[in-house]
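Colleague: Okay, handing you the structure first.
There are 2 protein chains.
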Amino acid sequence: MTYCVGIKLDAGLVFLSDSRTNAGLDQISTFRKMMVYEKAGDRFMVMLSAGNLSISQSVREILQVEKIDNPGGEPLTIWNAPSMFDAVRVLGSAVRRVYDQDGASLKQSGIDFNTSMIFGGQIKGEAMRLFLVYSAGNFIEATRETCFFQIGESKYGKPVLDRMVTPASGLDEAAKCALVSMDSTLKSNLSVGLPLDLLVYERDRFASDKIACIDEHNPYFHMIRSSWGQRLRPVFESIDAPRWDGGDTAHPLSTADCRYEPMRKITHPGEKLV
Amino acid sequence: MTYCVGIKLDAGLVFLSDSRTNAGLDQISTFRKMMVYEKAGDRFMVMLSAGNLSISQSVREILQVEKIDNPGGEPLTIWNAPSMFDAVRVLGSAVRRVYDQDGASLKQSGIDFNTSMIFGGQIKGEAMRLFLVYSAGNFIEATRETCFFQIGESKYGKPVLDRMVTPASGLDEAAKCALVSMDSTLKSNLSVGLPLDLLVYERDRFASDKIACIDEHNPYFHMIRSSWGQRLRPVFESIDAPRWDGGDTAHPLSTADCRYEPMRKITHPGEKLV
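Listed in order, the protein sequences are those of chains E and S.
Heads up: the first sequence begins at 773 in our numbering, then just goes up one per residue.
Heads up: the second sequence begins at 773 in our numbering, then just goes up one per residue.
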């Protein structure tokens, strides 16, 4: 499995990926899932990948030489694409090329063509953009309403992102939130594992020096892992426990105030629905 | 989909279920998923069910009359079973009976025999017990190390249970935690929906008067939904943001302190892995 998240903020982009790959439970390996494509001063792009490792490695390899038709001009590559939209089209084309090469044989072996990618960045002359690419090579783009994408084991870590991240969030705040989200995922799914790759991109920089590889000795992630759970507890405790039909509380928990019927109860000898 | 959780504490048991059932996205209905089986002073049992609704409704119906062999004695039912272990065996047998009736036809229609149940309670002379029953009628029991079970859409709501609930937790605290867990799930999965059924059972009572049906007007759940998110934010903000290679912080986030190689970066013209 895998867990990767990409966030698009007004201030920049945040990318975080784990590095565990597994075939079953007893073949676990470490493979990094983040790639950076950089042309100084012109473009800065990041790809995170999930799914079948043989597919995503092939996609990466092909992406470096993939070309798509550009009527009336040079074929488009990720290095000359005039927009992130064109660059992600090149990536989609690379995915389709791998499908053409491997899809039928994988299917014969009963293996799905399973891959997905988060691809984001900025090309000079354009705003930053963030895409989620599916295994058919099609893609969607992040908007202000939905400003992050997750791939792989996304569910455990989604609530904290939903609650904390908006396009107005600061870059470091979003990086912190991505790490909390990763922490929740690591706690719950053994097939997501360290080290992590974290990259923070500031708008209009076309470069990044905020790139960290985080292993179990990383002091910041260690602090996050211990603080979040610890500090949640007093918050949790600060919320009133239910007061069953309590008269003097603003929010009693009563059997009486539901417009639905009470739950069905069967009393011995068991023939009757009450 | 569905989300149900059952928690076994030293002080008692907590059960919470949603009530949404869907076939696709455009056939959404409300069906309650909690059943209570009560024989005053002798036994108190609760079942939560997830999966194919036709299966779980059939299981419920059959469970009321299901008997299993008891060499040298009366056949066992949920009403005379001397232990919760025997009672859950009766439930497993009811699941298998439905499989015998419907399994082949469902398979012909390409439908999995998909059902799971949380079944817990107490029978006089025995401690409380909590089980998770699978679609093959087999089951596992909660222990002190793993004191809660979830069925249905379990992932969004698991981190908060992992972090907050232990066997020593109080009943009302665990009920509150189950509701926070449900809130995270409701926010993330449209196919989990109100009203909720909440039941809190106190050890050795063989009855419960803490049973609530919670709809969108319930003041306690309304308070939980607004407070948890609101109060998480200052906690989140109280955790230091990353200090990139900051010299004077106890937990810098540095590119330097990982024992793994730095992430791979491809710089234009794109032939070289750095």
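Where a beta carbon is used, it is the ideal one built from N, C-alpha and C, also for glycine.
1) For the region 1008-1024 of chain S against the region 944-951 of chain E, are there 3 or more C-beta pairs whose distance is under 8 Å?
2) Looking only at DSSP bridge pairs, what is Glu-917(E) linked to?
3) For chain S, is any of its Cβ atoms less than 7 Å away from the one on Cys-985(E)?
4) Does the CB of Pro-854(E) have a neighbour CB from chain S at under 7 Å?
5) Counting C-beta neighbours from all protein chains within 10 Å, is the total for Asn-961(E) 16 or more, i.e. buried, or is it exposed?
6) So for Arg-1134(E), helix, strand or coil by DSSP?
7) Between Arg-935(S) and chain E, is there a C-beta pair that is closer than 7 Å?
8) Below 8 Å between beta carbons is the criterion; list the residues of the region 994-1005 of chain E that meet it against any residue of chain S, in chain order.
9) Less than 7 Å between CB atoms is the rule here; does Tyr-809(E) satisfy it with respect to chain S?
10) Considering only DSSP beta bridges, list what Met-819(E) is partnered with.
11) So within the region 931-965 of chain S, which uninterrupted alpha helix (DSSP H) runs reach at least 4 residues, ignoring any that extend past its ends?
12) Just to confirm the assignment, what range does the alpha helix (DSSP H) spanning Asp-874(E) have?
13) Our contact map puts Met-856(S) next to Ile-895(S) with C-beta atoms below 8 Å; I'd like the distance itself, whole angstroms only.
14) Scan the region 821-836 of chain E for residues whose Cβ lies nearer than 8 Å to a Cβ of chain S and list them as they occur along the chain.
15) Per DSSP, what kind of secondary structure is Leu-775(E) in: helix, strand or coil?
16) Using the three-state DSSP reduction, which class does Tyr-973(S) fall into: helix, strand or coil?
17) Kindly list, in the order they appear in chain E, the residues whose Cβ is closer than 9 Å to that of Val-964(S).
18) What whole-angstrom Cβ distance do Ser-1010(S) and Arg-1003(E) have, given they're in contact under 8 Å?
19) Buried or exposed: Lys-927(S), going by 16 or more other Cβ atoms within 10 Å of its Cβ?
20) With 7 Å set as the bound, which would you pick, yes or no: does the beta-carbon of Glu-917(S) sit closer than that to a beta-carbon of chain E?
21) How many angstroms separate the CA atom of Glu-898(S) from the CA atom of Gly-965(E)?
22) Of all the residues that make up the region 900-931 of chain S, which are near chain E by a beta-carbon distance shorter than 9 Å?
23) Taking Tyr-973(E) and Leu-785(E) to be in contact with their CB atoms under 8 Å, please state how far apart those CB atoms are, rounded to whole angstroms.
24) Please list, in chain order, all residues of the same chain as Thr-802(S) whose beta carbon is under 8 Å from its beta carbon, the five residues on each side excluded.
25) Using only the alpha-carbon positions, how far apart do Phe-885(S) and Lys-1037(S) sit?
26) Quick one: give me the first and last residue of the alpha helix (DSSP H) that Arg-832(E) is part of.
27) Please confirm if Ala-947(S) has its CB atom under 7 Å from at least one CB of chain E.
28) Would you give the residue range spanned by the beta strand (DSSP E) that Ile-850(S) belongs to?
29) Kindly say whether Ser-956(S), judged by its beta-carbon, lies nearer than 7 Å to any beta-carbon of chain E.
30) Looking only at its chain, what residues have a beta carbon closer than 6 Å to the beta carbon of Lys-982(S), apart from the 5 residues adjacent to it on each side?
31) Between which two residues does the beta strand (DSSP E) carrying Gly-784(S) extend?
Modeller: Checking against the coordinates, here is how it stands:
1) yes
2) BP columns for Glu-917(E) are empty, so no partner.
3) yes
4) no
5) buried
6) Lying outside 773 to 1046, the shown extent of chain E, residue 1134(E) is not represented and no answer is given.
7) yes
8) His-994, Met-995, Ile-996, Ser-999, Trp-1000, Gly-1001, Arg-1003, Leu-1004, Arg-1005
9) yes
10) Met-807(E), Phe-891(E)
11) 943-960
12) 856-880
13) 6 Å
14) Gln-836
15) Rather than Leu, the amino acid found at residue 775(E) in this sequence is Tyr. Reduced to three states, the DSSP call for Tyr-775(E) is strand.
16) strand
17) The contacting residues do not exist; Val-964(S) stays about 12 Å from chain E at best.
18) 7 Å
19) buried
20) no
21) 41 Å
22) Glu-925, Ser-926, Lys-927, Tyr-928, Gly-929, Lys-930, Pro-931
23) 4 Å
24) Ser-791, Arg-792, Thr-793, Gly-965, Pro-967
25) 48 Å
26) 825-835
27) yes
28) No beta strand (DSSP E) contains Ile-850(S), which DSSP labels as neither H nor E.
29) yes
30) Val-972
31) 784-789
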